[in-house]
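Numbering (this note's numbering), first residue to last: 983 to 1154.
Cβ atoms here follow ideal geometry from the backbone N, Cα and C, with glycine treated the same way.
Have a look at the structure below before the remarks.
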Ligand SMILES: CC(C)(COP(=O)(O)OP(=O)(O)OC[C@H]1O[C@@H](n2cnc3c(N)ncnc32)[C@H](O)[C@@H]1OP(=O)(O)O)[C@@H](O)C(=O)NCCC(=O)NCCS
């Protein structure tokens, strides 16, 4: 995949490049720090707490063996990431979307999702799909602003009430 440059001239997302992860140890360490840092704020807000805060170099290396990872950079530093998984249904599942706290609301998430959509099309996917915690209104608005629609409600194992909502975007 070619590098994607989003925006320009000081617009949101300017200076952001998105590329596939290489998987070297420095990059893996940066991605682990990004994910753990991005989800740490939710530990006291979400029930159950997010499993993302338990990611390690080993778990991310393993994930990268099964899924495509994309990393967003500004000035050569990793500021965001996500993972894409092709499912048998033809859906492309997007997970571990994370933007460093200091870089939020600057278009990094939008740039990452645009690159994910381009990559999903290249993989022949028909829909992007992901799960969002019901309690995270801002995230629901983020994905809605990108054209995702809310679908079925789901509960984490052991919970008798819905805890997350499926969101999808047709790309066919
Ligand atoms: C969710 C997340 C990835 C968004 O990344 P971001 O770089 O801040 O998003 P962008 O700047 O590209 O936002 C694009 C648009 O989405 C919407 N949006 C983004 N975050 C939002 C929020 N918290 N509340 C309301 N709308 C939001 C806005 O319309 C925004 O455009 P604007 O800033 O011009 O108003 C980021 O907040 C994050 O990493 N959070 C912690 C980890 C996480 O929750 N991951 C997702 C799990 S489902």
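For residue 1136, three-class secondary structure by DSSP: Working through the chain shown from its first residue, we reach residue 1136 at position 154. It is a strand residue.
Nonlocal neighbours in the same chain, by C-beta distance under 6 Å from residue 1042, ignoring five residues either side: By 1-based counting over the chain shown, the position of residue 1042 is 60. Only 1010, 1013 and 1014 meet the Cβ criterion.
Residue environment, residue 1017, which counts as buried when at least 16 other CB atoms sit within 10 Å: As a position in the chain shown, residue 1017 is number 35, starting the count at 1. Buried, because 16 or more other Cβ atoms sit within 10 Å of the Cβ of residue 1017.
Of the listed residues 1152, 1100 and 1096, nearest to residue 1132 (C-alpha basis): For this step, residue 1132 is matched to residue 150 along the chain shown. Minimum Cα distance to residue 1132 is reached at 1152.
Any non-hydrogen atom of ligand 1 closer than 6 Å to residue 1080 Cβ: The sequence position of residue 1080 within the chain shown is 98, counting from 1. Indeed, a heavy atom of ligand 1 lies less than 6 Å from the Cβ.
Contact under 7 Å by Cβ, residue 1094 with residue 1000: As a working mapping, residue 1094 is identified with position 112 in the chain shown. As a working mapping, residue 1000 is identified with position 18 in the chain shown. For residue 1094 and residue 1000, yes; Cβs fall inside 7 Å.
Residue 1020 beta carbon near ligand 1 (any heavy atom closer than 6 Å): The residue you call residue 1020 lines up with position 38 of the chain shown. Yes, Cβ of residue 1020 sits closer than 6 Å to a heavy atom of ligand 1.
Best match in 1061, 1023 and 1051 for proximity to residue 1006 [C-alpha to C-alpha]: In the chain shown, the residue the question calls residue 1006 occupies position 24. Minimum Cα distance to residue 1006 is reached at 1051.
Nearest neighbour of residue 1108, chosen from 1114, 1003, 1084 and 1099 [CA to CA]: Along the chain shown, one-based indexing puts residue 1108 at 126. The shortest Cα separation from residue 1108 among 1114, 1003, 1084 and 1099 belongs to 1099.
heavy atom of ligand 1 below 6 Å from residue 1127 C-beta: Numbered from its first residue, the chain shown carries residue 1127 at position 145. Residue 1127: yes, Cβ under 6 Å from ligand 1.
Any non-hydrogen atom of ligand 1 closer than 6 Å to residue 1092 Cβ: By 1-based counting over the chain shown, the position of residue 1092 is 110. Yes, the beta carbon of residue 1092 sits closer than 6 Å to at least one heavy atom of ligand 1.
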